[in-house]
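Asker:
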Amino acid sequence: MKETIQIEKLLSEYAPLMARIATTFEANKSLQDELIQEMSLAVWRAFEGASKDSGSGFRGEASVKTFVAKVAHNKAVDHVIKEQRRQEFNHDGEFDSSHTTSASSSRDATLQENAMDLLTGLRQLEIKYRQVLALLLEGFSQLEIANMLGIKESAVAKRVSRARQQLTQIMEQQP
Amino acid sequence: MSDNKKALSEDKKALSDNKRALSEEKLSMAESSTQMNELDKQLAQWQSAYKDATPSVDTDALIKETKSARFKLKLKGAVDLVLGLAVSVWCLTLVLFEPLSTYQFLLFMVLTPIPAAFGAWGYWVRQKQWKVQTLDVQSMLAFKQNQLRQQLHYWKISLYGCLALWCGLLALAVFNVLMFNAFTLWGTQLLINSVVVFIVYRRYKKLAADLPSALKKIEDMK
Numbered sequence: 060m061k062e063t064i065q066i067e068k069l070l071s072e073y074a075p076l077m078a079r080i081a082t083t084f085e086a087n088k089s090l091q092d093e094l095i096q097e098m099s100l101a102v103w104r105a106f107e108g109a110s111k112d113s114g115s116g117f118r119g120e121a122s123v124k125t126f127v128a129k130v131a132h133n134k135a136v137d138h139v140i141k142e143q144r145r146q147e148f149n150h151d152g153e154f155d156s157s158h159t160t161s162a163s164s165s166r167d168a169t170l171q172e173n174a175m176d177l178l179t180g181l182r183q184l185e186i187k188y189r190q191v192l193a194l195l196l197e198g199f200s201q202l203e204i205a206n207m208l209g210i211k212e213s214a215v216a217k218r219v220s221r222a223r224q225q226l227t228q229i230m231e232q233q234p
Numbered sequence: 124m125s126d127n128k129k130a131l132s133e134d135k136k137a138l139s140d141n142k143r144a145l146s147e148e149k150l151s152m153a154e155s156s157t158q159m160n161e162l163d164k165q166l167a168q169w170q171s172a173y174k175d176a177t178p179s180v181d182t183d184a185l186i187k188e189t190k191s192a193r194f195k196l197k198l199k200g201a202v203d204l205v206l207g208l209a210v211s212v213w214c215l216t217l218v219l220f221e222p223l224s225t226y227q228f229l230l231f232m233v234l235t236p237i238p239a240a241f242g243a244w245g246y247w248v249r250q251k252q253w254k255v256q257t258l259d260v261q262s263m264l265a266f267k268q269n270q271l272r273q274q275l276h277y278w279k280i281s282l283y284g285c286l287a288l289w290c291g292l293l294a295l296a297v298f299n300v301l302m303f304n305a306f307t308l309w310g311t312q313l314l315i316n317s318v319v320v321f322i323v324y325r326r327y328k329k330l331a332a333d334l335p336s337a338l339k340k341i342e343d344m345k
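Residue numbers (my numbering), protein chains in the order written: chain A, 60 to 234; chain B, 124 to 345.
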């Protein structure tokens, strides 16, 4: 019971993080919601499993946030693989901007427009570049990203540099 | 005296060159620092925009739905396991307490562990699935590639199994048609099984054809 309450608190705390990861990998609103729920379930099961099995799980991680982000990213990549198979991935046109916090002023509207431009740009990047950039934008260090992705820190630095170049180009081309 | 003057002039020239080099270096460092600042500024802007892109999430509803999905998964797992065990126990009861012919006894002896083993295998697969989610992305992708290869392997084994059963059925059909002229019954069974074999074959061929591109797509994500 105590564990359930802890996991509920954890899901509440990290729901925005999971939602951001979901929007980075999926443009369709209903599929985003599905993905967020899948991520939550995966995080729950991973924590449950981690408490039973001390050899795996979040105990070896730098932080709980890193663990949640890793599980959420894995789920997102899994989702992309499945969607590629269904050949329904990347429906940019179906993105529902009303899903984000509603804009109350023109400044907010501009901020939201910038956010939408960034997300649209991010979704056009290859998965490996999208991942490193999304994690960097979440505030993770290159070492943390390297651990989450299972690659070398130097490879992360290279990917970040290329991803930034590509995203800059994409965003410059956007109307 | 003239040599001294010349040396002094060369020293001055060298000093001037050094100053110029130092100034160029400073300029280059300043440019690089400006570039870095611009990059940091751009990253900060993107970070802020990324946070602004956070979709509104009804966390209470999310937790409720997650709880319900988790309950359904647990229930499904428990039902699978209990049903498997129940069938195994039933088979064991027959073997131990019912008067059976040798053929029936052997059949139920072989059948007894299968449902329970299937339930245990299902439980193991589910445990493995959550563990995959806790791996790093590269390992998870490698696991996915392996899963695709294994899937093809299972379909290949299924195809061979279906073919073996079909051959057995053919032999029985030929025997029964020749001996008892039961053409309709055995012909129908053979036809139904041929459809099954054909479907399994088509599925196997489709998976085998799609495998290289599916593996490449995952490889590109690494």
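Just so it is clear, CB atoms sit at the ideal spot from N, CA and C, and this is done for glycine as well.
Can you name the start and end residues of the alpha helix (DSSP H) that Asp-183 of chain B belongs to?
Answerer: For the purposes of this step, residue 183 of chain B is identified with residue 60 of the second sequence, where counting begins at 1. Segment 182-220, the alpha helix (DSSP H) holding Asp-183 of chain B.
Asker: Exposed or buried, Lys-187 of chain A, counting other C-beta atoms within 10 Å across all chains shown (16 or more means buried)?
Answerer: For this step, residue 187 of chain A is matched to residue 128 along the first sequence. When all chains shown are included, Lys-187 of chain A counts as buried.
Asker: Identify each residue in the stretch 192-220 of chain B for which the Cβ-Cβ distance to at least one residue of chain A is less than 9 angstroms, and report them in chain order.
Answerer: Ala-192, Arg-193, Leu-196
Asker: Measuring only the C-alpha atoms, how far is Gln-225 of chain A from Asn-160 of chain B?
Answerer: The residue given as residue 225 of chain A occupies position 166 in the first sequence. The residue given as residue 160 of chain B occupies position 37 in the second sequence. The alpha-carbon atoms of Gln-225 of chain A and Asn-160 of chain B are separated by roughly 19 angstroms.
Asker: Please identify, using Cβ separations under 7 angstroms, the residues of the stretch 164-188 of chain B that lie next to chain A, in order along the chain.
Answerer: Trp-169, Gln-170, Ala-172, Tyr-173, Asp-175, Ala-176, Thr-177, Pro-178, Ser-179, Val-180, Thr-182, Leu-185, Ile-186, Glu-188
Asker: The alpha helix (DSSP H) that contains Phe-266 of chain B, what's its start and end?
Answerer: Sequence index remark: in the second sequence, residue 266 of chain B carries index 143 (1-based). In this chain, the alpha helix (DSSP H) harbouring Phe-266 of chain B covers 260-303.
Asker: Give the interface partners of Gln-190 of chain A over in chain B, defined as CB-CB distance under 9 angstroms, in chain order.
Answerer: Working through the first sequence from its first residue, we reach residue 190 of chain A at position 131. Close to Gln-190 of chain A, with beta-carbon spacing below 9 angstroms, are these residues of chain B in chain order: Val-260, Met-344.
Asker: Hey, quick one: how far does the alpha helix (DSSP H) through Ala-187 of chain A stretch, first residue to last?
Answerer: Here the question's residue 187 of chain A lines up with position 128 in the first sequence. Per the sequence shown, the amino acid found at residue 187 of chain A is Lys instead of Ala. Residues 186-196.
Asker: I'd like to know whether the C-beta atoms of Leu-58 of chain A and Val-255 of chain B end up nearer to each other than 8 angstroms.
Answerer: As shown, chain A starts at 60 and ends at 234. That puts residue 58 of chain A outside it, with no answer to give.
Asker: Considering only the alpha carbon of each residue, which of A:Ser-213, A:Phe-84, A:Val-191 lies closest to Glu-142 of chain A?
Answerer: If you number the first sequence from 1, residue 142 of chain A lands on position 83. It is A:Phe-84 whose Cα lies nearest to the Cα of Glu-142 of chain A.
Asker: Compare the beta carbon distance of His-132 of chain A and Gln-190 of chain A with 8 angstroms and say whether it is the shorter of the two.
Answerer: Stepping through the first sequence from its first residue, residue 132 of chain A is reached at position 73. Stepping through the first sequence from its first residue, residue 190 of chain A is reached at position 131. Between His-132 of chain A and Gln-190 of chain A, the C-beta spacing is below 8 angstroms.
Asker: Cβ closer than 8 angstroms: which chain B residues qualify as neighbours of Leu-70 of chain A?
Answerer: Within the first sequence, the letter at position 11 stands for residue 70 of chain A. Residues of chain B passing the Cβ test: Thr-182, Leu-185, Ile-186, Thr-189.
Asker: Give me the chain B residues within the contact set of Ser-99 of chain A, using Cβ-Cβ distance strictly less than 7 angstroms, ordered along the chain.
Answerer: Indexing the first sequence from 1 puts residue 99 of chain A at position 40. Correct list: Leu-185, Thr-189.
Asker: Just the C-alpha distance for Ser-171 of chain B and Lys-88 of chain A, rounded to the nearest angstrom, thanks.
Answerer: Position 48 of the second sequence, counting from 1, holds the residue named residue 171 of chain B. Position 29 of the first sequence, counting from 1, holds the residue named residue 88 of chain A. In a straight line, the C-alpha of Ser-171 of chain B is about 22 angstroms away from that of Lys-88 of chain A.
Asker: Can you find the residues in the same chain that come closer than 8 angstroms, C-beta to C-beta, to Asp-9 of chain A, ignoring five residues on each side of it along the sequence?
Answerer: It is not possible to answer for residue 9 of chain A, since the shown part of chain A is limited to 60 through 234.
Asker: Where Gln-145 of chain A and Gly-108 of chain A are concerned, what is the direct C-alpha to C-alpha distance, given to the nearest angstrom?
Answerer: Locating residue 145 of chain A in the first sequence gives position 86, where the first residue counts as 1. Locating residue 108 of chain A in the first sequence gives position 49, where the first residue counts as 1. It is worth fixing the name first, because residue 145 of chain A is Arg in this sequence and not Gln. Roughly 30 angstroms between the two C-alpha positions.
Asker: Anything in the stretch 124-149 of chain A with a Cβ closer than 8 angstroms to a Cβ of chain B? List those residues in chain order, please.
Answerer: Phe-126, Lys-129, Val-130, His-132, Asn-133, Lys-134, Val-136, Asp-137, Val-139, Ile-140, Gln-143, Arg-144
Asker: Does Ser-179 of chain A have its Cβ less than 8 angstroms from a Cβ in chain B?
Answerer: Residue mapping note: residue 179 of chain A aligns to position 120 of the first sequence, counting from 1. The sequence given here places Thr at residue 179 of chain A; Ser does not occur at that position. By this cut-off, Thr-179 of chain A is not an interface position.
Asker: Residues in its own chain within less than 6 angstroms of Leu-94 of chain A by CB, not counting five upstream and five downstream?
Answerer: The sequence position of residue 94 of chain A within the first sequence is 35, counting from 1. So the list reads Ala-81, Glu-85, His-138, once near-sequence residues are dropped.
Asker: Below 8 angstroms on the Cβ atoms is my contact criterion, and I expect Leu-271 of chain B with Leu-334 of chain B to pass it. Report the Cβ-Cβ distance as a whole number of Å.
Answerer: Position 148 of the second sequence, counted from the first residue, corresponds to residue 271 of chain B. Position 211 of the second sequence, counted from the first residue, corresponds to residue 334 of chain B. Indeed they touch by this definition, with Cβ atoms about 6 angstroms apart.
Asker: Can you give me the start and stop residues for the alpha helix (DSSP H) that Asn-206 of chain A sits inside?
Answerer: Taking the first sequence and counting its residues from 1, one reaches residue 206 of chain A at position 147. From DSSP, the alpha helix (DSSP H) with Asn-206 of chain A extends over 201-208.
Asker: Just mark Cys-285 of chain B as buried or exposed, buried being the case when its beta carbon has 16 or more other beta carbons within 10 Å.
Answerer: On the second sequence, residue 285 of chain B is found 162 positions in, with the first residue counted as 1. Label assigned to Cys-285 of chain B: buried.
Asker: With a floor of 4 residues, list each alpha helix (DSSP H) that falls wholly inside the stretch 62-145 of chain A, ordered by position along the chain.
Answerer: 88-111, 123-145
Asker: With DSSP as the reference, label Ser-224 of chain B as helix, strand or coil.
Answerer: Position 101 of the second sequence, counted from the first residue, corresponds to residue 224 of chain B. Ser-224 of chain B falls in the coil class under three-state DSSP.
Asker: From the beta carbon of Gln-256 of chain B, is the nearest beta carbon of chain D less than 8 angstroms away?
Answerer: As a matter of chain content, chain D is missing from the structure shown, whose protein chains are A and B.
Asker: Under 8 angstroms between the Cβ atoms of Ile-186 of chain B and Ser-71 of chain A?
Answerer: Here the question's residue 186 of chain B lines up with position 63 in the second sequence. Here the question's residue 71 of chain A lines up with position 12 in the first sequence. The answer is yes: Cβ separation under 8 angstroms.
Asker: Name, please, each residue of chain B whose Cβ falls closer than 7 angstroms to the Cβ of Gln-96 of chain A.
Answerer: The count along the first sequence starts at 1 and reaches residue 96 of chain A at position 37. Those within 7 angstroms of Gln-96 of chain A in chain B are Leu-185, Glu-188, Thr-189, Ala-192.
Asker: If you check the beta carbons only, do Ala-296 of chain B and Trp-278 of chain B fall under 8 angstroms apart?
Answerer: Here residue 296 of chain B refers to the residue found at position 173 when the second sequence is read from its first residue. Here residue 278 of chain B refers to the residue found at position 155 when the second sequence is read from its first residue. Their beta carbons are not under 8 angstroms apart, which means Ala-296 of chain B does not touch Trp-278 of chain B by this criterion.
Asker: For Leu-100 of chain A, count the other beta carbons within 10 Å of its own beta carbon; 16 or more makes it buried, fewer makes it exposed. Which is it?
Answerer: Within the first sequence, numbered from 1, the residue matching residue 100 of chain A stands at position 41. Leu-100 of chain A comes out buried.
Asker: So, are the CB atoms of Phe-126 of chain A and Ile-66 of chain A less than 8 angstroms apart?
Answerer: Within the first sequence, residue 126 of chain A is the residue found at index 67, counting from 1. Within the first sequence, residue 66 of chain A is the residue found at index 7, counting from 1. Against a cut-off of 8 angstroms, the Cβ pair of Ile-66 of chain A and Phe-126 of chain A comes out as no contact.
Asker: Starting from the C-beta of Leu-301 of chain B, find all residues in its chain whose C-beta is less than 6 angstroms away, skip the five residues before and the five after it, and write them out in chain order.
Answerer: For the purposes of this step, residue 301 of chain B is identified with residue 178 of the second sequence, where counting begins at 1. Closer than 6 angstroms at Cβ, skipping near neighbours: no residue.
Asker: Please state if the CB of Pro-238 of chain B and the CB of Ala-78 of chain A are separated by a distance shorter than 8 angstroms.
Answerer: As a position in the first sequence, residue 78 of chain A is number 19, starting the count at 1. As a position in the second sequence, residue 238 of chain B is number 115, starting the count at 1. With a cutoff of 8 angstroms on beta-carbon distance, Ala-78 of chain A and Pro-238 of chain B are scored as not near each other.
Asker: In whole angstroms, what is the alpha-carbon distance linking Lys-135 of chain B and Arg-143 of chain B?
Answerer: Translated into positions along the second sequence, residue 135 of chain B becomes position 12. Translated into positions along the second sequence, residue 143 of chain B becomes position 20. Whole-angstrom Cα-Cα distance: 12 angstroms.
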